[in-house]
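Colleague: Questions regarding the structure given below will be posed in turn.
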Amino acid sequence: MSEIDALPAKTILLVEDDHVVRELTTEVLAEFGYGVTAQRDAASALERLRSDQHFDLLMTDIGLPGMDGRALVAAARQLRPALPVLFASGYYEQELLDEVRARDASAATDSIVKPYDFGLLAQRLNALLNQ
(Lines of atoms letter the chains of each structure in order from A and count residues from 1; the text may use other names and numbers.)
(Lines give C-alpha, C1' and ligand atoms only; values in the text may rest on other atoms or scores of the structure.)
Protein backbone atom coordinates (compact mmCIF):
# COMPACT_ATOMS: atom_id res chain seq x y z
CA MET A 1 0.00 0.00 0.00
CA SER A 2 1.42 3.39 -0.97
CA GLU A 3 1.29 6.49 1.19
CA ILE A 4 -1.46 7.92 -1.03
CA ASP A 5 -3.58 4.78 -0.66
CA ALA A 6 -3.33 5.15 3.12
CA LEU A 7 -4.89 8.62 3.11
CA PRO A 8 -8.54 8.72 4.19
CA ALA A 9 -11.11 9.80 1.62
CA LYS A 10 -12.28 13.41 1.74
CA THR A 11 -15.71 13.63 3.32
CA ILE A 12 -18.65 15.59 2.00
CA LEU A 13 -21.82 16.56 3.84
CA LEU A 14 -24.49 16.59 1.13
CA VAL A 15 -27.79 18.37 1.80
CA GLU A 16 -30.51 17.79 -0.79
CA ASP A 17 -34.26 17.54 -0.18
CA ASP A 18 -35.10 15.71 -3.42
CA HIS A 19 -34.69 11.98 -2.73
CA VAL A 20 -33.74 11.02 -6.29
CA VAL A 21 -31.18 13.83 -6.65
CA ARG A 22 -29.76 13.05 -3.19
CA GLU A 23 -29.33 9.34 -4.00
CA LEU A 24 -27.84 9.97 -7.45
CA THR A 25 -25.45 12.62 -6.13
CA THR A 26 -24.39 10.35 -3.27
CA GLU A 27 -23.59 7.58 -5.76
CA VAL A 28 -21.64 9.91 -8.04
CA LEU A 29 -19.64 11.38 -5.15
CA ALA A 30 -18.84 7.88 -3.89
CA GLU A 31 -17.69 6.91 -7.40
CA PHE A 32 -15.39 9.96 -7.31
CA GLY A 33 -13.89 8.45 -4.13
CA TYR A 34 -15.47 10.71 -1.51
CA GLY A 35 -17.03 9.64 1.74
CA VAL A 36 -20.58 11.04 1.78
CA THR A 37 -23.03 11.78 4.55
CA ALA A 38 -26.35 12.73 2.94
CA GLN A 39 -29.07 14.71 4.73
CA ARG A 40 -32.46 15.81 3.45
CA ASP A 41 -32.74 19.12 5.33
CA ALA A 42 -30.77 21.87 7.01
CA ALA A 43 -31.72 20.86 10.55
CA SER A 44 -30.28 17.36 10.08
CA ALA A 45 -27.15 18.79 8.48
CA LEU A 46 -26.61 21.17 11.39
CA GLU A 47 -26.90 18.26 13.83
CA ARG A 48 -24.06 16.57 11.94
CA LEU A 49 -22.01 19.76 11.93
CA ARG A 50 -22.47 20.12 15.70
CA SER A 51 -21.06 16.62 16.18
CA ASP A 52 -17.39 15.73 16.13
CA GLN A 53 -17.76 14.09 12.70
CA HIS A 54 -15.18 15.43 10.26
CA PHE A 55 -16.27 17.01 6.98
CA ASP A 56 -14.02 18.45 4.29
CA LEU A 57 -16.83 20.16 2.35
CA LEU A 58 -20.52 21.04 2.55
CA MET A 59 -22.52 20.62 -0.66
CA THR A 60 -26.02 22.02 -0.32
CA ASP A 61 -29.06 22.74 -2.42
CA ILE A 62 -30.09 26.38 -2.16
CA GLY A 63 -33.83 25.74 -2.26
CA LEU A 64 -34.32 23.62 0.86
CA PRO A 65 -37.66 23.60 2.70
CA GLY A 66 -37.63 25.44 6.00
CA MET A 67 -34.12 26.79 6.40
CA ASP A 68 -32.75 27.38 2.91
CA GLY A 69 -29.20 26.72 1.76
CA ARG A 70 -28.09 30.31 2.33
CA ALA A 71 -29.22 30.22 5.99
CA LEU A 72 -27.69 26.76 6.40
CA VAL A 73 -24.31 28.00 5.20
CA ALA A 74 -24.49 31.02 7.53
CA ALA A 75 -25.16 28.68 10.47
CA ALA A 76 -22.57 26.16 9.30
CA ARG A 77 -19.89 28.84 9.09
CA GLN A 78 -20.62 29.76 12.73
CA LEU A 79 -19.77 26.16 13.65
CA ARG A 80 -16.99 25.53 11.12
CA PRO A 81 -15.76 28.84 9.69
CA ALA A 82 -13.31 27.43 7.15
CA LEU A 83 -15.59 24.71 5.73
CA PRO A 84 -15.65 24.94 1.92
CA VAL A 85 -19.14 25.10 0.40
CA LEU A 86 -20.50 24.06 -2.98
CA PHE A 87 -24.01 25.41 -3.58
CA ALA A 88 -26.23 23.47 -5.99
CA SER A 89 -29.26 24.98 -7.66
CA GLY A 90 -31.50 24.60 -10.65
CA TYR A 91 -30.74 28.26 -11.35
CA TYR A 92 -27.56 30.25 -11.84
CA GLU A 93 -27.08 32.03 -8.51
CA GLN A 94 -24.22 34.50 -9.07
CA GLU A 95 -25.73 37.15 -6.76
CA LEU A 96 -26.00 34.65 -3.92
CA LEU A 97 -22.48 33.39 -4.54
CA ASP A 98 -21.09 36.94 -4.53
CA GLU A 99 -22.96 37.71 -1.29
CA VAL A 100 -21.68 34.60 0.50
CA ARG A 101 -18.12 35.14 -0.72
CA ALA A 102 -18.19 38.76 0.51
CA ARG A 103 -19.47 37.72 3.94
CA ASP A 104 -17.15 34.71 4.30
CA ALA A 105 -14.05 35.71 2.36
CA SER A 106 -11.83 33.30 4.30
CA ALA A 107 -13.71 30.16 3.21
CA ALA A 108 -13.87 28.67 -0.28
CA THR A 109 -17.31 28.89 -1.89
CA ASP A 110 -18.59 27.98 -5.35
CA SER A 111 -21.80 26.90 -7.07
CA ILE A 112 -22.99 24.48 -9.71
CA VAL A 113 -26.24 24.33 -11.67
CA LYS A 114 -28.43 21.23 -11.64
CA PRO A 115 -28.65 18.93 -13.46
CA TYR A 116 -24.93 18.45 -12.88
CA ASP A 117 -22.36 17.96 -15.56
CA PHE A 118 -20.34 15.31 -13.69
CA GLY A 119 -17.02 16.45 -15.14
CA LEU A 120 -17.72 20.01 -13.98
CA LEU A 121 -18.85 18.71 -10.59
CA ALA A 122 -15.54 16.86 -10.18
CA GLN A 123 -13.61 20.00 -11.17
CA ARG A 124 -15.49 22.23 -8.73
CA LEU A 125 -15.04 19.78 -5.86
CA ASN A 126 -11.33 19.36 -6.57
CA ALA A 127 -10.84 23.13 -6.73
CA LEU A 128 -12.65 23.72 -3.44
CA LEU A 129 -10.92 20.87 -1.62
CA ASN A 130 -7.45 21.86 -2.80
CA GLN A 131 -7.52 25.57 -1.92
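Going by the numbering used here, the letters in the sequence shown line up with residues 735 to 865, in that order.
Built from N, CA and C at the ideal position, the CB exists for glycine as well.
Specify, as a first and last residue, the run of the alpha helix (DSSP H) that S778 falls within.
Modeller: That run of the alpha helix (DSSP H) goes A776 to R784.
Colleague: Return the first residue and the last residue of the beta strand (DSSP E) that Q857 is part of.
Modeller: For Q857, no beta strand (DSSP E) segment is defined; the enclosing uninterrupted segment is the alpha helix (DSSP H) at F852 to L863.
Colleague: Counting only the same chain and skipping the five closest in sequence on each side, list residues whose C-beta sits under 7 Å from that of R858.
Modeller: L820, D844 and I846
Colleague: Report the rounded CA-to-CA distance for A779 versus A861, giving the unit in angstroms.
Modeller: 23 Å
Colleague: Check whether the Cβ atoms of V749 and T760 sit closer than 8 Å, and answer yes or no.
Modeller: no
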